[in-house]
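Asker: Numbering (our numbering), first residue to last: 39 to 394.
Ideal placement from N, C-alpha and C gives every residue a C-beta, glycine not left out.
Structural data, given as structure tokens:
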């Protein structure tokens, strides 16, 4: 009897709370308890039933989109390499282009299928490949993957991953190449060193056998990685500073057997799903600008080679000029425009409230 009385008392309290709040009562009249449980009552105050209905419909669309994204994950990237020295020599500005696309589908709770393809063109040569990976969880601590690839580097393979302990995993794989008929064996041990850091040891047996150790660390603002092996080595680090909820700055560095460069830049979120970014890179490969557009899982990257030589004057100008243009536009164009738009919205809301 006591439990029944407690439950009835809670229902009476909920009913009183709904009836005493005009917005909650309007939501309840339109969508019932489902609308109240959606969290809309925690948002800004809405003045009309049409506005409440519009917000609820938007919330439903976002939930449906998130549900579809969890079952069907498309990703893709387009890279257009441009060269200013090549253009000045009269050979055209386009240096090369590459495209990659991948789709992952969750077939069941324990199985997933991933399809991917890539195509690259540089001057008069090109190459491409397509691959498929089927992943199945055979136990709570074990998964198996079957993979196949056609095109450049055609192969078939299988690998198995097992959770050895709370912080350790091991992966054993075998692959056969159709290019030269070779068989490659791989073994990777991974250890979680902390909440943000992990280390791994990798052993590869085949025509190009190697052994290497790696370390990765990543948190909200910084990331770092290192790899040392018999065939290569490399160290990279990146720091991201968020100036606001929509803008950020970044500085990164890479050093190794195939890279030596420093990268500085920033980006801004232009919509709920889109981010633009501009980066300045200087290293042994030359001086670059890189423009990026990220929308969901899609990326458009445009690296522009400014010079192959490390000219101090050009390197300084390539950094100072776009930075100065950005801050000038931000102060005299973008910021006044956004302030004017926010002021206009505030006036419209005041007029709408006054007419009610």
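Assign residue 390 to buried or exposed, taking buried as 16 or more other Cβ atoms, counted over all protein chains shown, within 10 Å of its Cβ.
Answerer: Here residue 390 refers to the residue found at position 352 of the chain shown. Burial check for residue 390: the Cβ neighbour count within 10 Å stays below 16, so the residue is exposed.
Asker: By a C-beta neighbour count over all protein chains shown, 10 Å radius and 16 as the cutoff for buried, is residue 133 buried or exposed?
Answerer: For the purposes of this step, residue 133 is taken as the residue at position 95 of the chain shown. Residue 133 should be labelled buried.
Asker: Taking residue 245 as the reference, which of 214, 239, 227 has the closest Cα?
Answerer: Indexing the chain shown from 1 puts residue 245 at position 207. Nearest of 214, 239, 227 to residue 245, Cα basis: 214.
Asker: When you compare only the Cα positions, how much space is there between residue 176 and residue 148?
Answerer: As a first step, residue 176 must be located in the chain shown, where it is residue number 138. As a first step, residue 148 must be located in the chain shown, where it is residue number 110. Rounded to whole angstroms, residue 176 to residue 148 spans 8 Å at the Cα level.
Asker: Taking C-alpha atoms, which residue in 180, 223, 151 lies nearest to residue 249?
Answerer: Translated into positions along the chain shown, residue 249 becomes position 211. Measuring from the Cα of residue 249, the nearest candidate turns out to be 223.
Asker: State buried or exposed for residue 81, treating a residue as buried only when at least 16 other CB atoms are found within 10 Å of its CB.
Answerer: Translated into the one-based positions of the chain shown, residue 81 becomes position 43. Residue placement at residue 81 is flagged as unreliable, the pLDDT there being 49, under the threshold of 50; a coordinate-derived value is accordingly withheld.
Asker: How many angstroms separate the CA atom of residue 295 from the CA atom of residue 371?
Answerer: On the chain shown, residue 295 is found 257 positions in, with the first residue counted as 1. On the chain shown, residue 371 is found 333 positions in, with the first residue counted as 1. Straight-line Cα distance between these residues: approximately 44 Å.
Asker: Roughly how many angstroms lie between the CA atoms of residue 373 and residue 140, to the nearest whole one?
Answerer: Working through the chain shown from its first residue, we reach residue 373 at position 335. Working through the chain shown from its first residue, we reach residue 140 at position 102. Each residue's alpha carbon lies about 38 Å from the other.
Asker: Work out the CA separation of residue 308 and residue 347 for me, nearest whole Å.
Answerer: Residue numbering aside, residue 347 sits at position 309 when the chain shown is read from its first letter. Residue numbering aside, residue 308 sits at position 270 when the chain shown is read from its first letter. For residue 347 and residue 308, the distance between alpha carbons rounds to 35 Å.
Asker: Under 8 Å Cβ to Cβ from residue 321, same chain only, skipping five residues before and after it: list those, please.
Answerer: Here the question's residue 321 lines up with position 283 in the chain shown. The answer, listed in chain order, is 292, 297, 298, 299, 300.
Asker: For residue 343, count neighbouring Cβ atoms within 10 angstroms of its own Cβ and tell me buried if that reaches 16, exposed if not.
Answerer: Counting from one through the chain shown, the residue named residue 343 turns up at place 305. Flag for residue 343 reads buried.
Asker: Taking only the alpha-carbon atoms, compute the straight-line gap between residue 312 and residue 282 and give it to the nearest angstrom.
Answerer: As a position in the chain shown, residue 312 is number 274, starting the count at 1. As a position in the chain shown, residue 282 is number 244, starting the count at 1. Cα atoms of residue 312 and residue 282: separation of roughly 16 Å, rounded to the nearest angstrom.
Asker: Quick one: what's got a C-beta closer than 6 Å to residue 237's C-beta in the same chain, skipping five residues either side?
Answerer: For the purposes of this step, residue 237 is taken as residue 199 along the chain shown, with counting starting at 1. So the list reads 229, 231, 253, once near-sequence residues are dropped.
Asker: How would you write the range of the alpha helix (DSSP H) that residue 353 sits in, first residue to last?
Answerer: Counted from its first residue, the chain shown places residue 353 at position 315. It spans 350–367 - the alpha helix (DSSP H) in which residue 353 sits, taken as one unbroken run.
Asker: Identify whether residue 330 lies in helix, strand or coil by the three-state DSSP scheme.
Answerer: As a position in the chain shown, residue 330 is number 292, starting the count at 1. Reduced to three states, the DSSP call for residue 330 is strand.
Asker: Buried or exposed, going by whether 16 or more other CB atoms sit within 10 Å of the CB of residue 110?
Answerer: Numbered from 1 along the chain shown, position 72 holds the residue referred to as residue 110. Exposed, because fewer than 16 other Cβ atoms sit within 10 Å of the Cβ of residue 110.
Asker: Indicate whether the contact test is met: 3 or more Cβ pairs, each with one atom in the region 144–158 and one in the region 167–186, closer than 8 Å.
Answerer: yes
Asker: Is the beta carbon of residue 166 less than 8 Å from the beta carbon of residue 156?
Answerer: In the chain shown, the residue the question calls residue 166 occupies position 128. In the chain shown, the residue the question calls residue 156 occupies position 118. Contact annotation: residue 166 and residue 156 have beta-carbon atoms nearer than 8 Å.
Asker: Between the C-alpha atoms of residue 272 and residue 350, what's the straight-line distance to the nearest angstrom?
Answerer: Locating residue 272 in the chain shown gives position 234, counting from the first residue. Locating residue 350 in the chain shown gives position 312, counting from the first residue. Their Cα atoms are separated by approximately 26 Å.
Asker: Does residue 384 pass the burial test, meaning 16 or more other C-beta atoms within 10 Å, or should it be called exposed?
Answerer: Working through the chain shown from its first residue, we reach residue 384 at position 346. Exposed, because fewer than 16 other Cβ atoms sit within 10 Å of the Cβ of residue 384.
Asker: Run through the DSSP bridge pairs and tell me what residue 386 is partnered with.
Answerer: Locating residue 386 in the chain shown gives position 348, counting from the first residue. Beta-bridge pairing links residue 386 to no other residue.
Asker: Going by alpha carbons, who is nearest to residue 112 out of 388, 378, 335?
Answerer: Numbered from its first residue, the chain shown carries residue 112 at position 74. Selected option, being the one with the closest Cα: 335.
Asker: Express the C-alpha separation of residue 52 and residue 357 in angstroms, rounding to a whole number.
Answerer: On the chain shown, residue 357 is found 319 positions in, with the first residue counted as 1. On the chain shown, residue 52 is found 14 positions in, with the first residue counted as 1. Rounded to the nearest angstrom, the gap between the Cα atoms of residue 357 and residue 52 is 60 Å.
Asker: Count the other C-beta atoms from every protein chain shown that fall within 10 angstroms of the C-beta of residue 259, then say buried if there are 16 or more, exposed otherwise.
Answerer: Within the chain shown, the letter at position 221 stands for residue 259. Label assigned to residue 259: exposed.
Asker: Let's test the definition: count the other Cβ atoms within 10 Å of the Cβ of residue 178 and tell me whether it reaches 16, buried, or not, exposed.
Answerer: As a first step, residue 178 must be located in the chain shown, where it is residue number 140. Exposed, because fewer than 16 other Cβ atoms sit within 10 Å of the Cβ of residue 178.
Asker: Relative to the alpha-carbon of residue 363, which residue among 316, 332, 386 has its alpha-carbon at the smallest distance?
Answerer: In the chain shown, residue 363 corresponds to position 325, counting from 1. Nearest of 316, 332, 386 to residue 363, Cα basis: 316.
Asker: Return the chain-ordered list of same chain residues with a C-beta closer than 6 Å to the C-beta of residue 143, the five sequence neighbours on each side being excluded.
Answerer: In the chain shown, counting from the first residue as 1, residue 143 sits at position 105. Result list for residue 143: 110, 151, in chain order.
Asker: Going by DSSP in three states, residue 187 sits in which element: helix, strand or coil?
Answerer: Looking up residue 187 in the chain shown gives position 149. Strand, per DSSP.
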